[in-house]
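S.K.: If you scroll down you'll find the structure; I have some questions about it.
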Amino acid sequence: MAEPTVIHNTFVLERSYPVKPERVFAAFADTAKKRRWFIESDDDHAHTVEHYEMDFRVGGKETARVRLGPGTPVAGLACTNDITYLEIVPDRRIVFVSTMSIEDRCISASLGTFELLPTGNGTDLIFTHQAAFFEGSDGPAMRKEGWESMFARLTAELAG
Amino acid sequence: MDRKEPTIDRVFQALGDPTRRAILEKLSDGPVSVSRLAEPFGITLAAVVQHVQVLEECGLVHTEKLGRVRTCRIEAAGLQVAAQWIADRRSVWERRLDRLGDLLAEPNEPAEEPEWLG
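Just so you know, the sequences run in chain order L and C.
So that you can map any letter, position 121 of the first sequence is 152 in this note's numbering, and since no number is skipped, the others follow by simple counting.
So that you can map any letter, position 103 of the second sequence is 255 in this note's numbering, and since no number is skipped, the others follow by simple counting.
In structure tokens form, the structure reads like this:
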């Protein structure tokens with residue numbers, strides 16, 4: 032009998048920002064603002080942005096492709112997020128689905144929900160991320176050597 | 153048995169089987185001989201040996217033979233690899249929301265709210 036191999040995971044992140052929900056929502060709805068926090072990288076997790084576009088509306092698509100930098104364990108691989116917006120309530124709620132692919136292989140699919148809660152002069156942002164993570168499967172080959180070297184490094188770090 | 157570096161494929165496939173997950177739970181209480189592992193599951197010794205081999209190949213357990221008895225114990229590295237990979241996804245979002253906070257802390261341009269067409 033075939034065995035299940037998908038792993039499901041849900042996490043919730045919360046932030047409190049000292050600005051009104053309208054400004055938080057604007058950082059999601061405006062492409063120039065969105066890319067500044069969504070795909071620009073810190074020094075420690077450097078990558079090169081190869082492509083980014085967003086059509087922020089129900090049914091609209093967003094695509095982000097980055098090439099992982101030399102400091103990362105999967106250096107040189109292209110990582111793509113493909114997002115579709117399912118529900119948008121201005122200043123209140125954003126719901127989307129997203130897949131993540133390394134090179135051409137889809138490795139996970141997720142449902143993301145942002146809730147923007149007004150708090151006096153600020154906003155509580157609640158992000159719920161529900162994902163299915165996939166094992167290696169038939170189809171375009173992932174760069175296995177990239178993954179294996181990543182795990183060699185992870186294992187070494189965990190042991191050290 | 154040669155140790156191989158765990159890959160995400162093998163770890164997730166290993167964890168995908170309910171009997172193997174139950175074996176890992178049992179081993180979290182302490183090392184157990186392979187023959188004693190078969191008892192609670194009502195499966196053959198051969199089936200347990202196969203499950204344990206899968207778990208050992210991806211670094212989730214370690215086995216050692218002393219005399220005639222092969223003993224299994226849990227190996228932390230493999231579980232941490234799978235957990236690490238999932239945790240990485242969460243930490244990507246943590247960094248994004250931190251950067252959003254930095255962006256929102258900047259003085260707002262006097263200009264436009266974005267045109268949102270719905």
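In this text, a Cβ means the ideal position worked out from N, Cα and C, and glycines have one as well.
Hey, does C:Gly-194 have any beta-carbon neighbour from chain L nearer than 7 Å?
M.R.: Translated into the one-based positions of the second sequence, residue 194 of chain C becomes position 42. No, C:Gly-194 lies away from the interface with chain L (no Cβ there is under 7 Å from its Cβ).
S.K.: In chain order, what residues of the region 75 to 102 of chain L put their CB closer than 8 Å to some CB of chain C?
M.R.: Hits within the stretch, in order: His-76, Phe-87, Arg-88, Val-89.
S.K.: Buried or exposed: where does L:Pro-193 fall if 16 or more other Cβ atoms within 10 Å of its Cβ makes it buried?
M.R.: Given that chain L is displayed from residue 32 to residue 191, the structure contains no residue 193 of chain L and the question cannot be resolved.
S.K.: Hey, how far is the Cα of L:Thr-115 from the Cα of L:Phe-145?
M.R.: In the first sequence, counting from the first residue as 1, residue 115 of chain L sits at position 84. In the first sequence, counting from the first residue as 1, residue 145 of chain L sits at position 114. Approximately 14 Å, taken between the alpha carbons.
S.K.: Is L:Arg-96 closer than 7 Å to L:Thr-79 when the C-beta atoms are compared?
M.R.: Position 48 of the first sequence, counted from the start, is the residue given in the question as residue 79 of chain L. Position 65 of the first sequence, counted from the start, is the residue given in the question as residue 96 of chain L. Taking 7 Å as the Cβ cut-off, L:Thr-79 and L:Arg-96 do not qualify as a contacting pair.
S.K.: Which residue from L:Ile-133, L:Asp-122, L:Leu-117, L:Leu-108 puts its Cα closest to that of L:Thr-150?
M.R.: Counting from one through the first sequence, the residue named residue 150 of chain L turns up at place 119. Checking every option, the nearest Cα to that of L:Thr-150 belongs to L:Asp-122.
S.K.: Mind listing the chain C neighbours of L:Ile-133? Cutoff is C-beta to C-beta under 8 Å, in chain order.
M.R.: Numbered from 1 along the first sequence, position 102 holds the residue referred to as residue 133 of chain L. Those within 8 Å of L:Ile-133 in chain C number zero; the least Cβ separation is about 10 Å.
S.K.: Determine the closest residue to L:His-160 out of L:Ser-129, L:Ile-133, L:Thr-154, with distance taken between C-alpha atoms.
M.R.: For the purposes of this step, residue 160 of chain L is identified with residue 129 of the first sequence, where counting begins at 1. Nearest of L:Ser-129, L:Ile-133, L:Thr-154 to L:His-160, Cα basis: L:Ser-129.
S.K.: Under 8 Å between beta-carbons, which chain L residues line up against C:Gly-253? List them in chain order, please.
M.R.: As a working mapping, residue 253 of chain C is identified with position 101 in the second sequence. Arg-46, Tyr-48, listed in chain order.
S.K.: When DSSP labels each residue in this structure, what does C:Ile-357 get in the three-state scheme?
M.R.: One cannot answer for residue 357 of chain C here, as it falls past the ends of chain C, which runs 153 to 270.
S.K.: Anything in chain L within Cβ reach of C:Leu-167, meaning under 7 Å, just list it in chain order.
M.R.: For this step, residue 167 of chain C is matched to residue 15 along the second sequence. Those are Ile-38, listed as they occur along chain L.
S.K.: Does C:Gly-253 come out as helix, strand or coil in the three-state DSSP assignment?
M.R.: Indexing the second sequence from 1 puts residue 253 of chain C at position 101. Three-state DSSP puts C:Gly-253 in a helix.
S.K.: L:Gly-170: buried (16+ other C-beta within 10 angstroms of its C-beta) or exposed?
M.R.: In the first sequence, residue 170 of chain L corresponds to position 139, counting from 1. The predicted model places L:Gly-170 with a pLDDT of 24, which falls under 50 and marks its position as unreliable; any figure quoted below should be read in that light. L:Gly-170 is exposed by the Cβ-count criterion.
S.K.: CA-CA distance, C:Arg-225 and L:Leu-148?
M.R.: Translated into positions along the second sequence, residue 225 of chain C becomes position 73. Translated into positions along the first sequence, residue 148 of chain L becomes position 117. Answer to the nearest angstrom: the Cα atoms are 48 Å apart.
S.K.: Quick test of your reading: C:Glu-227 and C:Val-213, contact by CB under 8 Å. State the CB separation rounded to the nearest angstrom.
M.R.: For the purposes of this step, residue 227 of chain C is taken as the residue at position 75 of the second sequence. For the purposes of this step, residue 213 of chain C is taken as the residue at position 61 of the second sequence. 5 Å between Cβ atoms; contact.
S.K.: Counting only C-beta atoms, is C:Arg-173 closer than 7 Å to chain L at any point?
M.R.: Sequence index remark: in the second sequence, residue 173 of chain C carries index 21 (1-based). Not one chain L Cβ lies under 7 Å of C:Arg-173.
S.K.: Can you name the residues of chain C whose CB is closer than 9 Å to the CB of L:Ala-58?
M.R.: Counting from 1 along the first sequence, the entry for residue 58 of chain L is found at position 27. Under the 9 Å cutoff, chain C gives Leu-252, Leu-255, Leu-256.
S.K.: Residue range of the beta strand (DSSP E) that L:Arg-96 falls in?
M.R.: The sequence position of residue 96 of chain L within the first sequence is 65, counting from 1. Here the beta strand (DSSP E) through L:Arg-96 covers 92 to 99.
S.K.: Considering only C-alpha positions, which residue in the set C:Val-244, C:Gly-168, C:Ile-195 is nearest to L:Glu-71?
M.R.: Counting from one through the first sequence, the residue named residue 71 of chain L turns up at place 40. Measuring from the Cα of L:Glu-71, the nearest candidate turns out to be C:Val-244.
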